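Heads up, the sequence shown is in the working numbering, so the first residue is 1 and it goes up one at a time.
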Amino acid sequence: MKSTTQKKAEKMYTEDRVKLMSSHGDIIHFIVKGDNDLYDIHYNRTRKRWSCTCKGFSLKEQICSHIKACMLMIEHEKELLGL
1 MKSTTQKKAE KMYTEDRVKL MSSHGDIIHF IVKGDNDLYD IHYNRTRKRW SCTCKGFSLK
61 EQICSHIKAC MLMIEHEKEL LGL
């Protein structure tokens, strides 16, 4: 069974609420429209580390639904994104 986090991520991705903003060097920057706000998500390719500006990530430092939505975008659109 899928977790709530995964379900939310899939919903954000399928509703086209994940936008690739930039990809410079090792850093990929996304903006995700959550239920209540916009969130900045960064991925460091060298360190393989994610960060998100949402409260859940800042409190728990665990992968949140916004990061999972970005992961889905990379998984499904890697070639289109040039990543």
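Idealized CB from N, CA, C, for every residue including glycine. These numbers were taken from a predicted model, which means no experiment stands behind them.
**Item:** For I28, the residue or residues it bridges with in DSSP
**Value:** What you label residue 28 is simply residue 28 of the sequence shown in a count that begins at 1. Here I28 is bridged, per DSSP, to S23 and Y43.
**Item:** Buried or exposed (CB count within 10 angstroms, at least 16 for buried), S65
**Value:** As a working mapping, residue 65 is identified with position 65 in the sequence shown. Taking all protein chains in view, the Cβ of S65 is crowded by 16 or more other Cβ atoms within 10 Å, so the residue is classified as buried.
**Item:** Rounded distance between the beta-carbons of D16 and N44, thought under 8 Å
**Value:** As a position in the sequence shown, residue 44 is number 44, starting the count at 1. As a position in the sequence shown, residue 16 is number 16, starting the count at 1. Between D16 and N44 the Cβ distance is about 25 Å, and since that is not below 8 Å, they are no contact.
**Item:** Beta-ladder partner(s) of S51, from DSSP
**Value:** In the sequence shown, counting from the first residue as 1, residue 51 sits at position 51. H42, per the DSSP bridge assignment.
**Prompt:** Can you tell me whether DSSP reads K8 as helix, strand or coil?
**Reply:** For this step, residue 8 is matched to residue 8 along the sequence shown. K8 falls in the helix class under three-state DSSP.
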